[in-house]
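Let me begin by presenting the structure, written as structure tokens, before commenting on it.
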């Protein structure tokens, strides 16, 4: 079995054997979104206006015009975030396609206010793509449980991790192939595969659930409640955060301005 | 206080007193939607294909072309519905603006897999709009608890309901106004208002949750599990169903073809 | 129809007509509970011990004995609360029987991480028990939306509220009775009943959901995120809080010590 | 590193190296339960009785006495199950301690109406216990996706699976140990571990959620909607089912009598 490091997604055949691919990156694509700051505003305003508030537009003769309107919008979203009025942040939807190793998906799916569909090791043969920590991944933990700090590994440590994760993946994947070739069912053969094999899924969340995810899966200075996520899920979270920031800028600003606590 | 029957939404002032309005209809508007049959398909196909399946388009040289593709899509959605594979029906979102009496909203909000924001009797003065059963609303129940049938009322019964619901609404709203005028807080004064006063809300659901709602809040012949909803919430459900049918026709057909059981 | 103020639950018949009862109190009974601080501890410790942690008992030769054990328990629960590690607070269950007016239940049921079963106005004739604010209920609101303060009403205001809520209840209930006597279905006749009629329900929650409920439905000085609940739901929340305090004292202390934010 | 097959839970040290253990069984212990048929009954009866129904006991002069009461109870639970009135089945709680391989936990945690706390590979060193299919585990799948049938493997196939899963586990665990010994953080080193390593968790569910779990994770003849679970999660489900049957016999009977569809 051959072995190559690349960002290439397909699996070339070398003498009929799939080549193993190693990666150090996570893929997050936004594939569907119906998510705007306006969705927060109309949902919040129904409580005080009691009418269809979606079409609510600044009128020519409204005091202050568009600029004042924008300031009011920002103020309302900030008020909701500050007071933890969460439900107006639920009337929207974002769907991501994520490729990441299984140990990341294991943490991901602990978030129950979300919808998931993942590639199945029962229905298809899993491709030989494995995660290897990049050379700048901190490898040494110090501090106490629940609040670890991570420091860079030595050159020897880095080399050891690279070598072991690759060797383990190759060994496991050969075992998997051997069983499949002998006619063993996929759902049985796959049990030898390691936690760093890549899988893929669609996940759909609303902004409230996404903010909860971000509050727990990113580490930032100065947040109200500090979090200590594993770096690999944080790599996914950072990409999701970037999409969120673009789609709902006022909501995103208010989230940051209020200590990154989900409302 | 004046009193008028109309479909007019505003509340005209007659000598400074709001006119009471009576209605027999429910309002359901679709205000946001990101919901397509394709959303079900891409979510389902990731399990067997293990790649970004959203862009998956029929190629020119695919066996059968567009028509065969369409048949495969329909078959897959039907398979999912039949086997109660529910999660692929969650990657979509529909937001409705609903105006209905409070006794309808009470039933609505028992559905927990949904997002709600409603007009608040604490933050605003509620408008004098009340539900009165239309003359064709069946008024007499026969049968046993849990499986009632409803029959038309006599002319006298119909007249009595019309007269009582109007008189009770007028009496209660006058009481409400009297307390507000005396400086009583809205949240206290509103406790005298009856269950047939209209309120308004935004509700967001995905197709899986909506199918569960429809299975319980519509009454149809030949369903797997018969339901006996109150007619007034069924009036809302029917309008939501019509939007759903238009947005996701293959999903809707499969829902009906499989006994209207939510997957 | 007679009219009497009492705490009596039954409805005496006076010449065949039920007597109306007025109350100013909420009833909350704890009817089932499997909820102990130990449930939090075993759930949390499985993450670091990886074995059946429920039977984990202080051994004779453990450093410090029972007292040190107790201190460690308290420290762990506090650590979980502070870091918003919420899931260990979910492996427990409390069921309450609540009697309160419908306007309270409307707010209650916005809490979706809970289980509800309520008396049905479709299946039974609702009893003539109505809420009337007690004479010390503050009636006048000052301040701005979302952060109102409430001040006592004048003698006239208090008398007006008493008189109006009673009169409205009597009028509505007579209307309800008249329709029932004429053979109108219960589900139709009940729409004239006011929001201050009492209903009853069972509600089941775990400690995490209950802390979220308490954080939003009680008003306390010095909490991280101030809440402004309507007084009547707070009257229920206070009774639930008392049961929670008794069942899970370490968890309750940690909740208070950390700003009453649900983990 | 030594290697031994046993049911022994601890890990003996052989020259400072933990011995690897292989198992073919799943462990499910019921550690907490507040779950009785009576919980379903009181929750259901509040809708028609509107009073504290928990204490409701057959009176001496009630028609039929205890026996008739029992028949009515059974009839009510059956009626609820048949009509998919689900909420009365939620006022109860069962907590299980489960030891199973990670590929089983991955499927388990797709069930979102449940509470989980699992052993953490970030906070502790994972023990060398691995799943090996028993010799009677069917290894060959026939049929089409979504409805596979499984047939026994040949002697060669069975031997191959035994040999490969053991060898892969030993190889991976040695790799894990090598990294730990070199000072690599646990959360990094663990990524080479295979999906058949055992983990442990507490899971809490109510009867409604448990019935949904059983309907999807057991395969039975004659159910309304056939399911095709992987055998290993079914081994857990069968043990949970046995506890459920003992705790709530009337509910369990009604579940089976109505096609094993969760209400």
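Residue numbers (the working numbering), protein chains in the order written: chain L, 45 to 307; chain E, 45 to 307; chain W, 45 to 307; chain U, 45 to 307.
Positions of the beta carbon are idealized from the N, C-alpha and C atoms, including for glycine.
- Message: I'd like to confirm the pairing. Which residues does DSSP put opposite residue 91 of chain E in its beta bridges?
- Response: DSSP lists no partner for residue 91 of chain E.
- Query: Which partner residues does residue 249 of chain E have in the DSSP bridge list?
  - Reply: E/138
- Message: Taking the beta carbon of residue 296 of chain E as the centre, do at least 16 other beta carbons fall within 10 Å, making it buried, or is it exposed?
- Response: buried
- Item | CA nearest to the CA of residue 174 of chain L, picked from L/303, L/64, L/254, L/302 | L/64
- Where does residue 206 of chain U fall in DSSP's three states? helix
- Touching by the beta-carbon criterion (3+ pairs, under 8 Å), the segment 242-252 of chain U and the segment 150-161 of chain U: yes
- Taking all protein chains shown into account, decide if residue 239 of chain U is buried (16 or more other Cβ within 10 angstroms of its Cβ) or exposed. Burial call: buried.
- At what residues does the beta strand (DSSP E) containing residue 63 of chain E begin and finish? Here residue 63 of chain E belongs to no beta strand (DSSP E), and DSSP marks it neither H nor E.
- Query: So which residues of chain U does residue 127 of chain E contact, with C-beta pairs closer than 9 Å?
  - Reply: 190, 191, 269, 270, 271, 272
- Query: To which residues does DSSP link residue 193 of chain W through a beta bridge?
  - Reply: W/186
- Item | Backbone secondary structure at residue 161 of chain E - three-state DSSP | Under the three-state reduction of DSSP, residue 161 of chain E is assigned to strand.
- First and last residue of the beta strand (DSSP E) that includes residue 74 of chain E? From DSSP, the beta strand (DSSP E) with residue 74 of chain E extends over 71-78.
- Task: Output yes if chain L places a C-beta closer than 9 Å to the C-beta of residue 85 of chain W; else output no.
- Result: No - not a single Cβ of chain L is within 9 Å of the one on residue 85 of chain W.
- Compare the C-beta of residue 78 of chain W with all C-beta atoms of chain L and state if any pair is closer than 9 Å. no
- DSSP beta-bridge partners for residue 143 of chain W? W/71, W/244
- Message: So with CB distances below 7 Å, who are the chain U contacts of residue 92 of chain E?
- Response: In chain order: 189.
- Task: Compile a chain-ordered list of the residues in the segment 155-187 of chain L whose CB is closer than 8 Å to at least one CB of chain E.
- Result: Against chain E - using a Cβ distance shorter than 8 Å - the residues of the segment 155-187 of chain L are 159, 160, 161, 162, 163, 164, 167, 168, 170, 171.
- Message: Below 7 Å on C-beta distance, what does residue 227 of chain E contact in chain W?
- Response: Chain-ordered, the chain W residues with CB closer than 7 Å to the CB of residue 227 of chain E read 184, 201.
- Message: So, with DSSP's three-state summary, where would you put residue 110 of chain U?
- Response: helix
- Bridge partners of residue 175 of chain L, per DSSP? L/67
- Backbone secondary structure at residue 273 of chain L - three-state DSSP: coil
- Message: For the alpha helix (DSSP H) containing residue 230 of chain E, name the first residue and the last one.
- Response: 230-233
- Query: Whose Cβ in chain L lies nearer than 8 Å to the Cβ of residue 132 of chain E?
  - Reply: 161
- Query: How big is the Cα-Cα spacing for residue 193 of chain U and residue 270 of chain E?
  - Reply: Rounded to the nearest angstrom, the two C-alpha atoms are 33 Å apart.
- Task: Can you pull the chain W residues whose beta carbon is under 9 Å from the beta carbon of residue 123 of chain L, in chain order?
- Result: Within chain W, the residues near residue 123 of chain L are 190.
- Message: Can you confirm whether residue 239 of chain E, when its beta carbon is compared against all beta carbons of chain W, has any partner nearer than 9 Å?
- Response: Judged by the 9 Å Cβ criterion, residue 239 of chain E is in contact with chain W.
- Sequence-distant residues of the same chain with beta carbon closer than 7 Å to residue 278 of chain U, five excluded per side: 261, 262, 263
- Which of helix, strand or coil does DSSP assign to residue 238 of chain U? strand
- Which first and last residues belong to the alpha helix (DSSP H) in which residue 294 of chain L is found? 293-301
- Count the CB pairs spanning the segment 279-289 of chain L and the segment 174-184 of chain L that are closer than 8 Å, and state whether there are at least three. Fewer than three Cβ pairs drawn from the segment 279-289 of chain L and the segment 174-184 of chain L lie within less than 8 Å of each other, which leaves the two stretches out of contact.
- Would the beta-carbon of residue 151 of chain E be found less than 8 Å away from any heavy atom of the ligand ADP? With respect to the ligand ADP, the structure offers nothing, as it holds no ligand at all.
- Using the Cα positions of residue 84 of chain W and residue 292 of chain W, report the straight-line distance between them to the nearest angstrom. 9 Å
- Query: Could one say the Cβ of residue 254 of chain E lies closer than 9 Å to chain U's Cβ atoms, at least one of them?
  - Reply: no
- Cβ-based burial, residue 219 of chain U [other Cβ within 10 Å; buried from 16]: buried
- Task: Kindly list, in the order they appear in chain L, the residues whose Cβ is closer than 8 Å to that of residue 96 of chain E.
- Result: 73, 75, 141, 244
- Query: Excluding five sequence neighbours on each side, which residues of the same chain lie with their C-beta closer than 8 Å to the C-beta of residue 303 of chain U?
  - Reply: 266, 267, 268, 269
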